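Here's the structure we're looking at; comments come further down.
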Amino acid sequence: MRIKKLKVENFRNLENLDIEFSEGVNIIYGNNAQGKTNIIESIYIFSFGKSFRANKDIELLKFDKEYFLSNIEIMKKDRELEMDFGFDKISNKKMIKVNGVIQKKISDIIGKLNVVVFKPEDIKIVTDSPSIRRKYIDYLISSISKSYLENITKYKKVMEERNNLLKEIKLRLKGSKNLDETDSNFLDVYDKLLSKLNCEIYNERKRVIEKLNNYIYDIHLKLTENYINNEKLHIKYVSNVAEDIEKMYNNLSKSRPNDINKGYTSLGIHRDDYIISINSLDVSIYGSQGQKKSSIISLKLSELKVIEEVIGEKPVLLLDDYMSELDEKRRLKFLDIIEDIQIIITTTHKISIDGKENTYFYVDNGKIEREKNG
Numbered sequence: 013m014r015i016k017k018l019k020v021e022n023f024r025n026l027e028n029l030d031i032e033f034s035e036g037v038n039i040i041y042g043n044n045a046q047g048k049t050n051i052i053e054s055i056y057i058f059s060f061g062k063s064f065r066a067n068k069d070i071e072l073l074k075f076d077k078e079y080f081l082s083n084i085e086i087m088k089k090d091r092e093l094e095m096d097f098g099f100d101k102i103s104n105k106k107m108i109k110v111n112g113v114i115q116k117k118i119s120d121i122i123g124k125l126n127v128v129v130f131k132p133e134d135i136k137i138v139t140d141s142p143s144i145r146r147k148y149i150d151y152l153i154s155s156i157s158k159s160y161l162e163n164i165t166k167y168k169k170v171m172e173e174r175n176n177l178l179k180e181i182k183l184r185l186k187g188s189k190n191l192d193e194t195d196s197n198f199l200d201v202y203d204k205l206l207s208k209l210n211c212e213i214y215n216e217r218k219r220v221i222e223k224l225n226n227y228i229y230d231i232h233l234k235l236t237e238n239y240i241n242n243e244k245l246h247i248k249y250v251s252n253v254a255e256d257i258e259k260m261y262n263n264l265s266k267s268r269p270n271d272i273n274k275g276y277t278s279l280g281i282h283r284d285d286y287i288i289s290i291n292s293l294d295v296s297i298y299g300s301q302g303q304k305k306s307s308i309i310s311l312k313l314s315e316l317k318v319i320e321e322v323i324g325e326k327p328v329l330l331l332d333d334y335m336s337e338l339d340e341k342r343r344l345k346f347l348d349i350i351e352d353i354q355i356i357i358t359t360t361h362k363i364s365i366d367g368k369e370n371t372y373f374y375v376d377n378g379k380i381e382r383e384k385n386g
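Going by our numbering, the first residue of the sequence shown is number 13, and it counts up by one from there.
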């Protein structure tokens, strides 16, 4: 999979951008705050229909402009795709097209362009709360499984409805433990739906974690060359979900009094965590800064391998100011692992990737120029 062309109009500080990428390594360089990350972001929205750093589409709009438009041409193993993504400030609506056909839902474009993004803030996947790790895994699986995306969307909706009902019941009961028949029947409906969704989502997450673990150990060893200490990097999936639907339903039923008292659902995949460990020690607690960095790089490279395994072609690799995170030795190891893949790199300095076809783009104040000798 590769990106052939990208056109952007009024996206952040990018007023009129027209880029033709090479199949190999594309190096976008320039000073800070000139628009390099904006280019990566404008590509990413075609992957998930949203930005990785903005919550609202209006935040992506260039100052004093009423709309933005982005167009991308992609070459996949079996076909070419052209996608459009736009937002209009006046109507407060977005527009998404695939090969000229308007898409009704954002989810319709997820999986059309598969990318793996490396960002300096990815370290939070290791160091921060379980919700960050759940979000990361959800994005990964959603990009390769339409059924998972549908299930996780349904789950959030049903759980929100159950939580609202729990809060209402808590106010009505005021200390009493007796549920009326209507409330009990509604909870039965929600619990049956959630039990099925929990088990399906749990099993899909479990399968993908197993796939990641199939790669992450060897990748970590290659990246760190730590064969003497034999550091074993591993992801442990921690969940309170019962694998059997009936058992999960019984657990949810038993938790009702506690859930009513708290006003939220205490059991389910929304409480999952993924503990990243080296030799069985939690990296977030016991790992050095170097181990945390190497762990997240190994995880993201494993993500790349899993996507390739599932969809049958390599995704596009986006490196946003990431080469500065690696020393020269680790940079070479990193590049050795990601052979034969299209790479788009942003950096403040003009760098050369040995053994790769390098194409250079210089960015200044939202304008980009492809170097003739690139």
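Just so you know, even glycine gets a beta-carbon here, dropped at the ideal spot from N, CA and C. Source: prediction; values computed, not measured.
Going by beta-carbon coordinates alone, are R342 and L209 separated by less than 8 angstroms?
no
Under the three-state reduction of DSSP, which class applies to H361: helix, strand or coil?
Note: H361 maps to coil in three-state DSSP.
Among S157, S207, N241 and R268, whose alpha-carbon lies nearest the alpha-carbon of V220?
Check the Cα spacing between V220 and each of S157, S207, N241 and R268: the tightest is with S157.
What's the C-alpha gap between K248 and G280?
17 angstroms
My guess is that N126 and I323 are in contact by the Cβ rule of under 8 angstroms, so how many angstroms apart are they, rounded?
6 angstroms
Is Y214 buried or exposed, if buried means 16 or more other CB atoms sit within 10 Å of its CB?
The residue in question, Y214, is buried, as its Cβ has 16 or more Cβ neighbours within 10 Å.
Assign F130 to buried or exposed, taking buried as 16 or more other Cβ atoms, counted over all protein chains shown, within 10 Å of its Cβ.
buried
Can you name the residues that DSSP bridges to K30?
Reading off the sequence, residue 30 comes out as Asp, not Lys. The partner list for D30 (beta bridge, DSSP) reads K19.
For G36, which residues in the same chain have their Cβ closer than 6 angstroms to its Cβ, ignoring the five residues on either side in sequence?
K368 and E369
Classify T277 as buried or exposed, calling it buried when 16 or more other Cβ atoms lie within 10 Å of its own Cβ.
By the neighbour-count rule (16 or more Cβ atoms within 10 Å), T277 is buried.
Might you give, ordered along the chain, the residues of its own chain that have their beta carbon closer than 6 angstroms to the beta carbon of K19, omitting 5 neighbours on each side?
If we look at K19 and ignore the five residues flanking it on each side, its Cβ neighbours are D30 and N83.
Counting Cβ pairs, one atom from each stretch, are 3 or more of them under 8 angstroms apart for the segment 257-266 and the segment 146-155?
no
Would you call the CB atoms of S310 and I231 closer than 8 angstroms?
yes
Can you look up E325 in the DSSP assignment and give me helix, strand or coil?
coil
Checking 8 angstroms against the spacing of the C-beta atoms, do Y160 and E222 come in under that value?
no
Look at D100 and E78 and say whether their C-beta atoms are less than 8 angstroms apart.
D100 places its beta carbon less than 8 angstroms from that of E78.
Could you tell me if A315 is buried or exposed, where buried requires 16 or more neighbouring beta carbons within 10 angstroms of its beta carbon?
Per the sequence shown, residue 315 should be read as Glu rather than Ala. Under the 10 Å beta carbon count, E315 is surrounded by 16 or more other beta carbons and is classified as buried.
Using the Cβ count rule (16 or more neighbours within 10 Å means buried), how would you classify F97?
buried
Using alpha carbons as the reference points, say which of G42, F373 and I319 lies closest to I153.
I319
Compute the beta-carbon to beta-carbon distance between G61 and I102, rounded to the nearest angstrom, for a pair I have assumed lies under 8 angstroms.
The pair is not a contact, with the Cβ atoms about 21 angstroms apart (cut-off 8 angstroms).
What residue from L344, N28 and K274 has the CA that sits closest to E8's CA?
This structure cannot speak to residue 8, because the chain is shown only from 13 to 386.
In this structure, how does DSSP classify S82 when only helix, strand and coil are distinguished?
strand
DSSP three-state call for K74: helix, strand or coil?
coil
How many Å lie between S141 and I228 at the Cα?
If you draw a straight line from the Cα of S141 to the Cα of I228, it comes to about 21 angstroms.
Grouping DSSP H, G and I as helix and E and B as strand, with all else coil, what is Y276?
coil
Give the straight-line distance between the Cα atoms of I363 and Y202, rounded to the nearest whole angstrom.
55 angstroms
Put E94 into one of helix, strand or coil per three-state DSSP.
strand
Can you grab the Cα-Cα spacing for the pair L183 / V138, in whole Å?
39 angstroms
Please return the same chain residues whose Cβ sits closer than 6 angstroms to the Cβ of I272, not counting the five positions on each side in sequence.
So the qualifying residues of the chain are L178, I181 and K182.
Might you give, ordered along the chain, the residues of its own chain that have their beta carbon closer than 7 angstroms to the beta carbon of K109, omitting 5 neighbours on each side?
Taken in chain order, the residues that qualify are M95, D96 and Q115.
Hey, out of E92, K117 and N104, whose CA is closest to N111's CA?
E92
Could you tell me which residues DSSP puts in a beta bridge with H446?
Residue 446 lies beyond the residue range present for the chain, which begins at 13 and ends at 386; the question has no answer from this structure.
At which residues does the alpha helix (DSSP H) containing N163 begin and terminate?
K158 to L185
From the DSSP output, read off the bridge partner residues of Y286.
As computed with DSSP, Y286 is found in a beta bridge with Y249.
Looking only at its chain, what residues have a beta carbon closer than 8 angstroms to the beta carbon of I135, apart from the 5 residues adjacent to it on each side?
Excluding residues within five positions, the ones whose Cβ falls inside 8 angstroms are K304, K305 and I308.
With which residues is I446 paired in a DSSP beta bridge?
Outside the displayed range of the chain (13 to 386) lies residue 446, so it cannot be described from this structure.
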